[in-house]
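Here is the structure we will look at, set down as C-alpha coordinates.
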Amino acid sequence: MKTKESQWFTHEVGTYNTPQMLELISNYGMAGYGNWWILMEVLRMEDDYKYDVSKPYSYNTISLAFRAPKEEVKVFIDDCINKFDLLQTDGEYIWSSSLLERMQYLEKKKKFYKERASKGGKATKEKRESQIQSGSASAVLEEQSSSATGVLDGRLGVLHDITLHNNTKHNNDDEKKTDPPSSPSNLFCKEVLLPIASLQQNVLAYDVYFVTPICMQHSITKVQLQQWLDAFSEKLHRHADTRKTTTDYRKHFMNWLRCYNPAKDNPARWEELVSRKKPAYTTPSPPANPTMAQLRAMRAAEEAEYEERKRRQRNTPS
(Lines of atoms letter the chains of each structure in order from A and count residues from 1; the text may use other names and numbers.)
(Lines give C-alpha, C1' and ligand atoms only; values in the text may rest on other atoms or scores of the structure.)
Protein backbone atom coordinates (compact mmCIF):
# COMPACT_ATOMS: atom_id res chain seq x y z
CA MET A 1 0.00 0.00 0.00
CA LYS A 2 1.51 3.34 -1.01
CA THR A 3 1.55 6.20 1.49
CA LYS A 4 -0.93 9.02 0.90
CA GLU A 5 -0.05 12.66 1.43
CA SER A 6 -2.79 13.38 4.01
CA GLN A 7 -4.05 10.57 6.24
CA TRP A 8 -7.43 12.04 7.11
CA PHE A 9 -10.98 12.24 5.77
CA THR A 10 -14.07 14.35 6.33
CA HIS A 11 -16.68 13.22 8.83
CA GLU A 12 -20.40 13.62 8.24
CA VAL A 13 -22.20 15.41 11.07
CA GLY A 14 -25.09 13.38 12.50
CA THR A 15 -24.00 10.04 11.05
CA TYR A 16 -25.33 8.26 14.13
CA ASN A 17 -28.81 9.65 13.46
CA THR A 18 -29.33 8.05 10.02
CA PRO A 19 -31.78 5.13 9.76
CA GLN A 20 -29.04 2.68 8.75
CA MET A 21 -26.77 3.68 11.64
CA LEU A 22 -29.62 3.63 14.15
CA GLU A 23 -30.37 0.06 13.06
CA LEU A 24 -26.69 -0.87 13.53
CA ILE A 25 -26.63 0.70 17.01
CA SER A 26 -29.83 -1.08 18.01
CA ASN A 27 -28.21 -4.42 17.12
CA TYR A 28 -24.58 -3.86 18.23
CA GLY A 29 -24.81 -0.91 20.63
CA MET A 30 -22.36 1.97 20.69
CA ALA A 31 -19.52 -0.56 20.44
CA GLY A 32 -20.81 -1.35 16.95
CA TYR A 33 -20.80 2.40 16.15
CA GLY A 34 -17.17 2.57 17.22
CA ASN A 35 -16.28 -0.50 15.15
CA TRP A 36 -17.89 1.16 12.12
CA TRP A 37 -15.53 4.13 12.34
CA ILE A 38 -12.55 1.84 12.86
CA LEU A 39 -13.58 0.13 9.62
CA MET A 40 -13.81 3.53 7.90
CA GLU A 41 -10.24 4.32 8.97
CA VAL A 42 -9.06 0.97 7.58
CA LEU A 43 -10.76 1.73 4.24
CA ARG A 44 -9.26 5.24 4.19
CA MET A 45 -5.76 3.78 4.35
CA GLU A 46 -6.32 1.49 1.37
CA ASP A 47 -5.65 2.23 -2.31
CA ASP A 48 -8.86 3.39 -3.99
CA TYR A 49 -10.40 3.23 -0.48
CA LYS A 50 -11.45 -0.40 -0.96
CA TYR A 51 -10.47 -3.38 1.21
CA ASP A 52 -9.63 -6.79 -0.25
CA VAL A 53 -11.55 -9.54 1.61
CA SER A 54 -10.75 -12.36 -0.82
CA LYS A 55 -7.49 -13.40 0.84
CA PRO A 56 -7.35 -15.90 3.75
CA TYR A 57 -5.80 -13.36 6.16
CA SER A 58 -7.97 -10.41 5.14
CA TYR A 59 -10.10 -10.41 8.27
CA ASN A 60 -7.15 -10.77 10.65
CA THR A 61 -6.24 -7.08 10.38
CA ILE A 62 -9.78 -5.93 11.08
CA SER A 63 -10.06 -8.51 13.88
CA LEU A 64 -7.00 -7.01 15.59
CA ALA A 65 -8.40 -3.49 15.17
CA PHE A 66 -11.79 -4.52 16.63
CA ARG A 67 -10.20 -6.61 19.41
CA ALA A 68 -12.75 -9.25 18.47
CA PRO A 69 -12.68 -12.80 17.03
CA LYS A 70 -12.52 -13.14 13.24
CA GLU A 71 -15.92 -14.84 13.07
CA GLU A 72 -17.62 -11.89 14.80
CA VAL A 73 -15.89 -9.48 12.41
CA LYS A 74 -17.22 -11.44 9.40
CA VAL A 75 -20.76 -11.34 10.83
CA PHE A 76 -20.49 -7.58 11.50
CA ILE A 77 -19.28 -6.82 7.95
CA ASP A 78 -21.92 -9.10 6.44
CA ASP A 79 -24.66 -7.25 8.39
CA CYS A 80 -23.27 -3.87 7.26
CA ILE A 81 -23.55 -5.09 3.64
CA ASN A 82 -26.79 -7.04 3.59
CA LYS A 83 -28.75 -5.84 6.62
CA PHE A 84 -27.86 -2.17 7.23
CA ASP A 85 -26.88 -1.20 3.67
CA LEU A 86 -23.80 0.65 4.91
CA LEU A 87 -21.16 -1.17 2.85
CA GLN A 88 -20.97 -2.37 -0.74
CA THR A 89 -19.07 -5.35 -2.19
CA ASP A 90 -18.28 -7.08 -5.47
CA GLY A 91 -17.25 -10.33 -3.78
CA GLU A 92 -13.56 -9.37 -3.74
CA TYR A 93 -13.52 -5.88 -2.21
CA ILE A 94 -15.69 -4.00 0.27
CA TRP A 95 -16.15 -0.22 0.32
CA SER A 96 -18.37 2.58 1.55
CA SER A 97 -20.13 4.70 -1.06
CA SER A 98 -20.32 7.71 1.29
CA LEU A 99 -16.57 7.51 1.99
CA LEU A 100 -15.82 7.26 -1.74
CA GLU A 101 -17.89 10.38 -2.43
CA ARG A 102 -16.12 12.40 0.24
CA MET A 103 -12.64 11.25 -0.84
CA GLN A 104 -13.36 11.92 -4.54
CA TYR A 105 -14.32 15.48 -3.61
CA LEU A 106 -11.06 15.91 -1.71
CA GLU A 107 -9.04 14.43 -4.58
CA LYS A 108 -10.63 16.84 -7.09
CA LYS A 109 -9.95 19.77 -4.77
CA LYS A 110 -6.33 18.73 -4.29
CA LYS A 111 -5.87 18.26 -8.03
CA PHE A 112 -7.35 21.71 -8.73
CA TYR A 113 -4.96 23.50 -6.36
CA LYS A 114 -2.02 21.48 -7.64
CA GLU A 115 -2.75 22.44 -11.27
CA ARG A 116 -3.22 26.09 -10.33
CA ALA A 117 0.10 26.16 -8.50
CA SER A 118 1.79 24.49 -11.47
CA LYS A 119 0.35 27.06 -13.90
CA GLY A 120 1.42 29.92 -11.65
CA GLY A 121 4.96 28.59 -11.39
CA LYS A 122 5.15 28.06 -15.14
CA ALA A 123 3.94 31.60 -15.87
CA THR A 124 6.49 33.06 -13.47
CA LYS A 125 9.29 31.06 -15.07
CA GLU A 126 8.28 32.16 -18.59
CA LYS A 127 8.11 35.80 -17.50
CA ARG A 128 11.58 35.60 -15.97
CA GLU A 129 13.04 34.00 -19.10
CA SER A 130 11.38 36.64 -21.26
CA GLN A 131 12.90 39.42 -19.21
CA ILE A 132 16.33 37.84 -19.44
CA GLN A 133 16.10 37.40 -23.24
CA SER A 134 14.80 40.95 -23.81
CA GLY A 135 17.59 42.55 -21.79
CA SER A 136 19.78 44.84 -23.94
CA ALA A 137 23.54 45.14 -23.94
CA SER A 138 23.29 48.64 -22.50
CA ALA A 139 21.43 47.33 -19.48
CA VAL A 140 24.14 44.75 -18.92
CA LEU A 141 26.86 47.42 -19.20
CA GLU A 142 24.94 49.71 -16.86
CA GLU A 143 24.61 46.95 -14.31
CA GLN A 144 28.34 46.18 -14.50
CA SER A 145 29.17 49.88 -14.11
CA SER A 146 26.88 50.16 -11.10
CA SER A 147 28.49 47.09 -9.54
CA ALA A 148 31.98 48.50 -10.03
CA THR A 149 30.93 51.85 -8.56
CA GLY A 150 29.34 50.08 -5.58
CA VAL A 151 32.53 48.12 -4.90
CA LEU A 152 34.62 51.30 -5.06
CA ASP A 153 32.20 53.17 -2.80
CA GLY A 154 32.23 50.25 -0.41
CA ARG A 155 36.03 50.25 -0.18
CA LEU A 156 36.14 54.00 0.35
CA GLY A 157 33.44 53.67 3.00
CA VAL A 158 35.46 51.01 4.84
CA LEU A 159 38.56 53.23 4.80
CA HIS A 160 36.49 56.16 6.08
CA ASP A 161 35.02 54.03 8.89
CA ILE A 162 38.47 52.81 9.94
CA THR A 163 39.84 56.37 10.03
CA LEU A 164 36.81 57.63 11.95
CA HIS A 165 37.09 54.73 14.44
CA ASN A 166 40.78 55.42 15.10
CA ASN A 167 40.17 59.14 15.61
CA THR A 168 37.25 58.50 17.94
CA LYS A 169 39.23 55.95 19.94
CA HIS A 170 42.14 58.42 20.27
CA ASN A 171 39.80 61.18 21.45
CA ASN A 172 38.11 58.87 23.93
CA ASP A 173 41.47 57.83 25.38
CA ASP A 174 42.39 61.50 25.89
CA GLU A 175 39.05 62.18 27.58
CA LYS A 176 39.49 59.23 29.93
CA LYS A 177 42.86 60.61 31.02
CA THR A 178 41.62 64.14 31.80
CA ASP A 179 37.88 64.10 32.57
CA PRO A 180 36.40 63.09 35.96
CA PRO A 181 33.99 60.13 36.00
CA SER A 182 30.65 61.06 34.43
CA SER A 183 28.53 57.94 34.83
CA PRO A 184 27.89 55.24 37.42
CA SER A 185 29.52 52.63 35.16
CA ASN A 186 32.78 54.59 35.04
CA LEU A 187 32.74 55.20 38.79
CA PHE A 188 31.39 52.07 40.43
CA CYS A 189 31.93 49.25 37.89
CA LYS A 190 35.65 49.73 37.26
CA GLU A 191 37.07 46.82 39.23
CA VAL A 192 40.61 48.19 39.75
CA LEU A 193 42.38 48.26 43.09
CA LEU A 194 43.15 51.88 44.03
CA PRO A 195 44.64 53.62 47.09
CA ILE A 196 42.16 54.73 49.74
CA ALA A 197 42.88 58.44 49.16
CA SER A 198 42.07 58.12 45.44
CA LEU A 199 38.88 56.22 46.17
CA GLN A 200 37.71 58.91 48.58
CA GLN A 201 38.21 61.63 45.96
CA ASN A 202 36.46 59.50 43.30
CA VAL A 203 33.24 59.03 45.26
CA LEU A 204 33.15 62.70 46.26
CA ALA A 205 33.57 63.76 42.62
CA TYR A 206 30.34 62.05 41.64
CA ASP A 207 27.61 64.12 43.20
CA VAL A 208 24.39 62.78 41.65
CA TYR A 209 24.79 59.06 42.32
CA PHE A 210 26.63 59.14 45.63
CA VAL A 211 26.99 62.43 47.53
CA THR A 212 23.42 63.72 47.21
CA PRO A 213 21.66 60.40 48.06
CA ILE A 214 23.89 59.83 51.14
CA CYS A 215 23.36 63.38 52.41
CA MET A 216 19.59 63.17 51.94
CA GLN A 217 19.34 59.75 53.55
CA HIS A 218 21.22 60.73 56.72
CA SER A 219 20.30 64.47 56.79
CA ILE A 220 23.91 65.64 56.67
CA THR A 221 25.87 68.19 54.63
CA LYS A 222 28.63 67.52 52.15
CA VAL A 223 31.19 68.73 54.72
CA GLN A 224 29.90 66.20 57.26
CA LEU A 225 30.06 63.48 54.61
CA GLN A 226 33.69 64.44 53.98
CA GLN A 227 34.40 64.07 57.71
CA TRP A 228 32.77 60.63 57.84
CA LEU A 229 34.78 59.54 54.80
CA ASP A 230 37.96 60.68 56.57
CA ALA A 231 36.98 58.62 59.60
CA PHE A 232 36.25 55.60 57.43
CA SER A 233 39.59 55.92 55.64
CA GLU A 234 41.33 56.11 59.03
CA LYS A 235 39.58 52.89 60.07
CA LEU A 236 40.76 51.14 56.89
CA HIS A 237 44.36 52.28 57.43
CA ARG A 238 44.30 50.97 61.01
CA HIS A 239 43.29 47.56 59.68
CA ALA A 240 45.99 47.72 56.98
CA ASP A 241 43.30 47.76 54.31
CA THR A 242 44.92 50.30 51.98
CA ARG A 243 43.64 49.30 48.53
CA LYS A 244 40.10 48.56 47.34
CA THR A 245 37.95 48.70 44.25
CA THR A 246 35.62 51.68 43.96
CA THR A 247 32.51 49.49 44.27
CA ASP A 248 33.83 47.70 47.35
CA TYR A 249 34.85 51.01 48.97
CA ARG A 250 31.42 52.56 48.39
CA LYS A 251 29.44 49.57 49.67
CA HIS A 252 31.71 49.07 52.67
CA PHE A 253 31.37 52.75 53.62
CA MET A 254 27.56 52.73 53.33
CA ASN A 255 27.28 49.63 55.52
CA TRP A 256 29.71 51.08 58.08
CA LEU A 257 27.83 54.38 58.23
CA ARG A 258 24.63 52.60 59.28
CA CYS A 259 26.27 51.83 62.65
CA TYR A 260 26.14 55.53 63.57
CA ASN A 261 23.82 58.50 63.60
CA PRO A 262 25.74 60.73 61.14
CA ALA A 263 23.57 63.80 61.83
CA LYS A 264 24.32 63.78 65.61
CA ASP A 265 27.48 61.70 66.19
CA ASN A 266 30.96 63.13 65.97
CA PRO A 267 32.94 61.32 63.23
CA ALA A 268 36.19 62.01 65.13
CA ARG A 269 34.91 59.68 67.91
CA TRP A 270 33.93 56.84 65.56
CA GLU A 271 36.00 54.25 67.43
CA GLU A 272 34.47 55.17 70.79
CA LEU A 273 30.97 55.32 69.40
CA VAL A 274 31.13 51.92 67.73
CA SER A 275 31.88 50.29 71.10
CA ARG A 276 28.52 51.38 72.48
CA LYS A 277 26.46 48.40 73.42
CA LYS A 278 22.80 48.41 72.70
CA PRO A 279 20.52 46.95 75.36
CA ALA A 280 19.94 43.33 74.64
CA TYR A 281 16.50 42.55 73.41
CA THR A 282 14.73 40.00 75.53
CA THR A 283 11.82 38.11 74.19
CA PRO A 284 8.87 38.29 76.60
CA SER A 285 8.02 34.97 78.12
CA PRO A 286 4.66 33.57 77.12
CA PRO A 287 2.06 33.26 79.87
CA ALA A 288 2.24 30.03 81.76
CA ASN A 289 -0.38 27.44 80.96
CA PRO A 290 -2.98 27.04 83.72
CA THR A 291 -2.77 23.89 85.79
CA MET A 292 -5.56 21.33 85.99
CA ALA A 293 -6.58 22.64 89.41
CA GLN A 294 -6.88 26.16 88.05
CA LEU A 295 -8.93 24.92 85.10
CA ARG A 296 -11.31 23.08 87.45
CA ALA A 297 -11.68 26.21 89.60
CA MET A 298 -12.42 28.33 86.53
CA ARG A 299 -14.97 25.79 85.35
CA ALA A 300 -16.65 25.70 88.79
CA ALA A 301 -16.84 29.49 88.89
CA GLU A 302 -18.46 29.59 85.45
CA GLU A 303 -21.02 26.96 86.46
CA ALA A 304 -21.80 28.82 89.68
CA GLU A 305 -22.30 32.04 87.76
CA TYR A 306 -24.58 30.24 85.31
CA GLU A 307 -26.69 28.73 88.08
CA GLU A 308 -26.96 32.12 89.80
CA ARG A 309 -28.15 33.73 86.60
CA LYS A 310 -30.82 31.04 86.12
CA ARG A 311 -31.99 31.44 89.73
CA ARG A 312 -32.40 35.17 89.28
CA GLN A 313 -34.40 34.64 86.09
CA ARG A 314 -36.78 32.26 87.90
CA ASN A 315 -37.31 34.66 90.80
CA THR A 316 -37.86 37.69 88.59
CA PRO A 317 -41.64 38.29 88.26
CA SER A 318 -42.83 38.26 84.67
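Residue numbering for the sequence shown follows our numbering, beginning at -11 and increasing consecutively.
Don't be surprised by glycine CBs; every beta carbon is placed ideally from N, CA and C.
1. Assign TYR101 to buried or exposed, taking buried as 16 or more other Cβ atoms, counted over all protein chains shown, within 10 Å of its Cβ.
2. Give the DSSP bridge partners of PRO183, in chain order.
3. Return the CA-CA distance between THR230 and ASN249, expressed in angstroms with no decimal places.
4. Quick one: using the 10 Å Cβ neighbour count with 16 as the cut-off for buried, is LEU74 buried or exposed?
5. Relative to the alpha-carbon of ASP78, which residue among LYS71, LYS113, ARG32, LYS38 has its alpha-carbon at the smallest distance?
6. So, at 6 Å on beta carbons, what are the nonlocal neighbours of PHE241 in its own chain, with the 5 sequence-adjacent residues on each side left out?
7. Using the rule of at least 16 other Cβ atoms within 10 Å of the residue's Cβ for burial, across every protein chain shown, is CYS247 buried or exposed?
8. Which class does ASP195 belong to by DSSP, given the choice of helix, strand or coil?
9. When burial is assigned at 16 or more other CB atoms within 10 Å of the CB, is ILE120 buried or exposed?
10. Look up ARG287 in the DSSP assignment and say whether it is helix, strand or coil.
11. Where does ARG238 land, buried or exposed, given buried means 16+ other C-beta within 10 angstroms?
12. Taking the straight line between their C-alpha atoms, what separation do you get for LYS(-10) and ASP35?
13. Would a C-beta distance cut-off of 8 Å place GLU26 and ALA53 closer than the cut-off?
14. Let me check one thing: in DSSP terms, what residues is TRP83 bridge-paired to?
Reading it off the structure:
1. For the purposes of this step, residue 101 is taken as residue 113 along the sequence shown, with counting starting at 1. TYR101 should be labelled exposed.
2. What you label residue 183 is simply residue 195 of the sequence shown in a count that begins at 1. According to DSSP, PRO183 bridges with ARG231.
3. Taking the sequence shown and counting its residues from 1, the one referred to as residue 230 is at position 242. Taking the sequence shown and counting its residues from 1, the one referred to as residue 249 is at position 261. If I take the Cα positions, the gap works out to 25 Å.
4. As a first step, residue 74 is located in the sequence shown; it is residue number 86 there, counting from the start. Under this definition LEU74 is a buried residue.
5. In the sequence shown, residue 78 corresponds to position 90, counting from 1. ASP78 has its Cα closest to that of LYS38, out of LYS71, LYS113, ARG32, LYS38.
6. As a first step, residue 241 is located in the sequence shown; it is residue number 253 there, counting from the start. The residues PHE220, in chain order, have a CB closer than 6 Å to that of PHE241 in the same chain once the five nearest residues on each side in sequence are set aside.
7. The residue you call residue 247 lines up with position 259 of the sequence shown. So CYS247 ends up on the exposed side.
8. Within the sequence shown, numbered from 1, the residue matching residue 195 stands at position 207. Helix, per DSSP.
9. The residue labelled residue 120 in the question sits at position 132 within the sequence shown. So ILE120 ends up on the exposed side.
10. One-based indexing of the sequence shown puts residue 287 at position 299. DSSP places ARG287 in helix when its eight states are reduced to three.
11. Position 250 of the sequence shown, counted from the start, is the residue given in the question as residue 238. That one is buried.
12. Looking up residue -10 in the sequence shown gives position 2. Looking up residue 35 in the sequence shown gives position 47. In this predicted model, LYS(-10) has a pLDDT of only 47, less than 50, meaning its place in the structure is not dependable enough to derive any value.
13. Taking the sequence shown and counting its residues from 1, one reaches residue 26 at position 38. Taking the sequence shown and counting its residues from 1, one reaches residue 53 at position 65. Reading off the sequence shown, one finds Ile at residue 26, where the question assumed Glu. Yes, these two residues count as a Cβ contact at 8 Å.
14. Along the sequence shown, read from residue 1 onward, the residue named residue 83 stands at position 95. GLN76, per the DSSP bridge assignment.
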